[in-house]
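S.K.: Take the sequence shown: its position 63, counted from the start at 1, is 64 in this note's numbering, and no numbers get skipped.
Where a beta carbon is used, it is the ideal one built from N, C-alpha and C, also for glycine.
Structure in structure tokens, see below.
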Amino acid sequence: MEVRVTRGAIGFNVACNATNTYDRTLNIRVTVSVGIGEDWVRATKFDFPNVAAGQTGRETTLVGDSYEGELPDEPKVYIDSVINY
């Protein structure tokens, strides 16, 4: 599991790579939070359907649009959950 966060002009670009390390095809669901605690936290989910054995699902999304308040300078990134099914 790899998650990267890059601050942009209108929010944070969150990129998630989920590698299937099992010997069968899996669906992988990842929940990620970006924030600075109780004052500012945003969560997003990534769904990677039918990831073949040894392959990696990749997806990027925008969280924390600037209209939702001032963006933190140094947010923390948390992988809240990873579900294989």
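I believe isoleucine 29 touches alanine 19 by the beta-carbon criterion, under 8 Å. Please report the beta-carbon distance rounded to the nearest angstrom.
M.R.: Isoleucine 29 to alanine 19, Cβ: 5 Å. Contact.
S.K.: If methionine 2 and valine 83 are in contact, beta carbons under 8 Å, what's the gap, nearest whole angstrom?
M.R.: 6 Å
S.K.: Let me check one thing: in DSSP terms, what residues is tyrosine 79 bridge-paired to?
M.R.: Paired residue(s): Ser34.
S.K.: Assuming threonine 45 and valine 33 are in contact, meaning their beta carbons sit under 8 Å apart, how far apart are those beta carbons, in whole angstroms?
M.R.: Yes, threonine 45 and valine 33 are in contact; Cβ-Cβ is about 6 Å, under 8 Å.
S.K.: First and last residue of the beta strand (DSSP E) that includes proline 73?
M.R.: Element bounds for proline 73: n/a, residue is neither H nor E.
S.K.: Straight-line CA distance for asparagine 85 to leucine 27?
M.R.: 6 Å
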